[in-house]
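Participant: One structure coming up, written as structure tokens, with questions to follow.
Numbering (the working numbering), first residue to last: 4 to 424.
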């Protein structure tokens, strides 16, 4: 399956990075909303004394949907619905502790399945444009590709010192019973927080790091999980924050880098696969300047040991400048290259480990690194191992591998305990 999405991009016939665009347009400056036309930005009436400001950027999604008679009464996003709902929510307009909210809806609203690097870049640019005029940002979108979009923005937004909170819903805001209202309110609360300085997702009852998130359910309200990292915060009667997991404030100046090289593919192996077909696909992809290959392998990073021709094909691709990354098909845990003999062959072929990164973080991080023009392919391979935004657990802090010795387990336990001091 290809990692690129359907936001339009010019086909690559050379070694140039594909250019991605969006069907919507940049919002531009929104901090002086009173000077903007009503269809560009709206200040939600606010009677509170809180001096904070939060910018809500809405791309669409289930939260904004209603039944559309022209499409067989199926759900479709309704332009302007969000702003109308926000202005009637007394939790936002009457509570003195809530921040002032400026809302912008992109035109047209976009189904998340249609969103890709061009749309992610548009959101990143609008955050950059308005960065110094708001205390935090909320991005509303559909859930299907939210983990990809949020992961991508976590890499695009460098030295971020303010909260950017993605959210959406499983039930539209217009329904009497819905999860949209709570998700929206809590996202705004966390977007005005002083303790969060990274891109996150709030959904149902938890705030999770964006580049650790994955969608795990299509029908339940707890739609997202963070398989290899505890939530940053959970809500019940109180908000319980895991403060030891928060990213420290950045040391450098805020910068945005939106270029992503999406000439990469992902392959999920299944038992009995025809490696001749995979070899042909890899060879064909190299003809169109393939730059990255993400393999979803078994367990700790294994594939059949008898597929020597395929391993040789991977070795050739590595030598030709393709960055090949191994991820695990397991929901939790980590790739441990070389733990078994089959993994040793992949190491020798130049395949690198994604460790405990999600597929969403692996693909967006690889596209981000490949999109930077100042990195060689060897530097890209090295940085895939480096923790840039909290997306990967350092090797010294990972649990011991299966069948590890008592000594290895003791060392791993000691290293993990040091995380909290």
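Where a beta carbon is used, it is the ideal one built from N, C-alpha and C, also for glycine. It should be emphasised that the depicted structure is a prediction, and the values quoted were computed from it without experimental measurement.
1. Just the Cα atoms here: how many angstroms apart are residue 48 and residue 74?
2. Taking 8 angstroms as the cut-off, decide whether the C-beta atoms of residue 387 and residue 401 are in contact.
3. What's the C-alpha gap between residue 68 and residue 33?
4. For residue 279, write down the residues that DSSP places opposite it in a beta bridge.
5. Taking just the CA atoms, how far does residue 24 sit from residue 261?
6. For the beta strand (DSSP E) that residue 56 lies in, which residues bound it at each end?
7. Over what stretch of residues does the beta strand (DSSP E) that includes residue 209 continue unbroken?
8. Output the boundary residues of the beta strand (DSSP E) element that contains residue 333.
9. Output yes or no for whether 8 angstroms exceeds the beta carbon distance between residue 172 and residue 57.
10. Contact check, residue 204 vs residue 170 under 8 angstroms by CB: the rounded distance?
11. Quick check: what's the CA-CA separation for residue 315 versus residue 19?
12. Can you pull the DSSP bridge partners for residue 238?
13. Helix, strand or coil: how does DSSP classify residue 80 here?
14. Whose C-beta lies closer than 6 angstroms to the C-beta of residue 432 among residues of the same chain, with five residues either side of it excluded?
15. At the level of alpha carbons, what is the spacing between residue 95 and residue 137?
16. By DSSP's criteria, residue 218 is part of a beta bridge. Which residues make up the other side?
17. I believe residue 372 touches residue 329 by the beta-carbon criterion, under 8 angstroms. Please report the beta-carbon distance rounded to the nearest angstrom.
18. Please state the DSSP three-state secondary structure of residue 89.
19. What are the residues that DSSP puts in a beta bridge with residue 301?
20. Is it buried or exposed, residue 109, if we count other Cβ atoms within 10 angstroms and call 16 or more buried?
21. Quick one: residues in its chain with C-beta nearer than 8 angstroms to the C-beta of residue 322, no 5 flanking neighbours on either side, listed in chain order?
22. Given a cut-off of 8 angstroms, decide if residue 80 and residue 263 are closer than it, judged by their beta-carbon atoms.
23. Mapping the DSSP letters down to three states, classify residue 189 as helix, strand or coil.
24. Starting from the C-beta of residue 236, find all residues in its chain whose C-beta is less than 8 angstroms away, skip the five residues before and the five after it, and write them out in chain order.
25. Just to confirm before moving on: does the CB-CB distance between residue 257 and residue 186 stay below 8 angstroms?
26. Which residues bound the alpha helix (DSSP H) around residue 68?
27. Could you work out which residue in 85, 55, 27 and 296 is closest to residue 272 when comparing CA atoms only?
28. Closest to residue 361 by C-alpha separation, out of 22, 45, 324 and 154, would be which residue?
29. How many angstroms separate the CA atom of residue 222 from the CA atom of residue 111?
30. Under a three-way DSSP split, which group does residue 424 fall into?
31. Please state the DSSP three-state secondary structure of residue 158.
32. Let's see if you can read the secondary structure: which residues bound the beta strand (DSSP E) around residue 142?
33. Could you name the residues of the same chain whose beta carbon sits closer than 6 angstroms to that of residue 45, not counting the 5 residues immediately before and after it, in chain order?
34. Closest to residue 131 by C-alpha separation, out of 60, 215, 379 and 363, would be which residue?
35. Would you mind reading off the limits of the beta strand (DSSP E) that contains residue 107?
36. Is the beta carbon of residue 152 closer than 8 angstroms to that of residue 101?
Facilitator: Reading it off the structure:
1. Numbered from its first residue, the chain shown carries residue 48 at position 45. Numbered from its first residue, the chain shown carries residue 74 at position 71. So the alpha carbons of these two residues sit roughly 34 angstroms apart.
2. Counting from 1 along the chain shown, the entry for residue 387 is found at position 384. Counting from 1 along the chain shown, the entry for residue 401 is found at position 398. Not a contact, by the Cβ cut-off of 8 angstroms.
3. Within the chain shown, residue 68 is the residue found at index 65, counting from 1. Within the chain shown, residue 33 is the residue found at index 30, counting from 1. Roughly 24 angstroms separates the two Cα atoms.
4. Sequence index remark: in the chain shown, residue 279 carries index 276 (1-based). Paired residue(s): none; residue 279 is not in a bridge.
5. On the chain shown, position 258 is the one that residue 261 refers to. On the chain shown, position 21 is the one that residue 24 refers to. Rounded to whole angstroms, residue 261 to residue 24 spans 11 angstroms at the Cα level.
6. As a first step, residue 56 must be located in the chain shown, where it is residue number 53. Unbroken beta strand (DSSP E) run through residue 56: 56-61.
7. Within the chain shown, residue 209 is the residue found at index 206, counting from 1. Counting along the chain, the beta strand (DSSP E) containing residue 209 begins and ends at 209-212.
8. In the chain shown, residue 333 corresponds to position 330, counting from 1. Unbroken run through residue 333: none, as it is neither H nor E.
9. Counting from one through the chain shown, the residue named residue 172 turns up at place 169. Counting from one through the chain shown, the residue named residue 57 turns up at place 54. Not closer than 8 angstroms, so no.
10. Within the chain shown, residue 204 is the residue found at index 201, counting from 1. Within the chain shown, residue 170 is the residue found at index 167, counting from 1. Indeed, because the Cβ distance is near 7 angstroms, the residues count as touching under 8 angstroms.
11. Taking the chain shown and counting its residues from 1, the one referred to as residue 315 is at position 312. Taking the chain shown and counting its residues from 1, the one referred to as residue 19 is at position 16. Residue 315 and residue 19: Cα-Cα distance of roughly 27 angstroms.
12. Along the chain shown, read from residue 1 onward, the residue named residue 238 stands at position 235. 242.
13. For the purposes of this step, residue 80 is identified with residue 77 of the chain shown, where counting begins at 1. It is a strand residue.
14. Beyond the ends of the chain as shown, which are 4 and 424, falls residue 432; an answer cannot be given.
15. The sequence position of residue 95 within the chain shown is 92, counting from 1. The sequence position of residue 137 within the chain shown is 134, counting from 1. Their backbone Cα atoms lie some 17 angstroms apart in a straight line.
16. To locate residue 218, count along the chain shown from 1; it is residue 215. 227.
17. Within the chain shown, residue 372 is the residue found at index 369, counting from 1. Within the chain shown, residue 329 is the residue found at index 326, counting from 1. No, residue 372 and residue 329 are not in contact; Cβ-Cβ is about 16 angstroms, not under 8 angstroms.
18. Counting from one through the chain shown, the residue named residue 89 turns up at place 86. Three-state DSSP puts residue 89 in a helix.
19. For the purposes of this step, residue 301 is taken as residue 298 along the chain shown, with counting starting at 1. 305.
20. The residue given as residue 109 occupies position 106 in the chain shown. With 16 or more other Cβ atoms within 10 Å, it is buried.
21. On the chain shown, position 319 is the one that residue 322 refers to. These residues qualify, in order along the chain: 353.
22. Here residue 263 corresponds to residue number 260 of the chain shown, with the count starting at 1. Here residue 80 corresponds to residue number 77 of the chain shown, with the count starting at 1. No.
23. Start at 1 with the first residue of the chain shown, and residue 189 comes out as number 186. In the structure shown, residue 189 sits in a helix (DSSP, three-state: H, G or I).
24. The residue you call residue 236 lines up with position 233 of the chain shown. Excluding sequence neighbours, residue 236 sits near 193, 209, 210, 242, 243, 244 and 245.
25. On the chain shown, residue 257 is found 254 positions in, with the first residue counted as 1. On the chain shown, residue 186 is found 183 positions in, with the first residue counted as 1. No, these two residues do not count as a Cβ contact at 8 angstroms.
26. The residue you call residue 68 lines up with position 65 of the chain shown. Here residue 68 belongs to no alpha helix (DSSP H); instead the beta strand (DSSP E) covers 68-71.
27. If you number the chain shown from 1, residue 272 lands on position 269. Of the listed residues, the one whose Cα sits closest to residue 272 is 296.
28. Along the chain shown, read from residue 1 onward, the residue named residue 361 stands at position 358. Out of 22, 45, 324 and 154, 154 has the C-alpha closest to the C-alpha of residue 361.
29. The residue labelled residue 222 in the question sits at position 219 within the chain shown. The residue labelled residue 111 in the question sits at position 108 within the chain shown. When rounded, the distance between both Cα atoms is 26 angstroms.
30. Counting from one through the chain shown, the residue named residue 424 turns up at place 421. Any reading at residue 424 is ruled out, since the residue's pLDDT is 39, under 50, leaving its predicted position unreliable.
31. Within the chain shown, the letter at position 155 stands for residue 158. In the structure shown, residue 158 sits in a helix (DSSP, three-state: H, G or I).
32. Walking along the chain shown from the start, residue 142 turns up at place 139. Element bounds for residue 142: 139-143.
33. As a first step, residue 45 is located in the chain shown; it is residue number 42 there, counting from the start. The residues are 86 and 106.
34. As a first step, residue 131 must be located in the chain shown, where it is residue number 128. The residue with the shortest Cα to Cα distance from residue 131 is 60.
35. On the chain shown, position 104 is the one that residue 107 refers to. From DSSP, the beta strand (DSSP E) with residue 107 extends over 103-108.
36. Along the chain shown, one-based indexing puts residue 101 at 98. Along the chain shown, one-based indexing puts residue 152 at 149. No.
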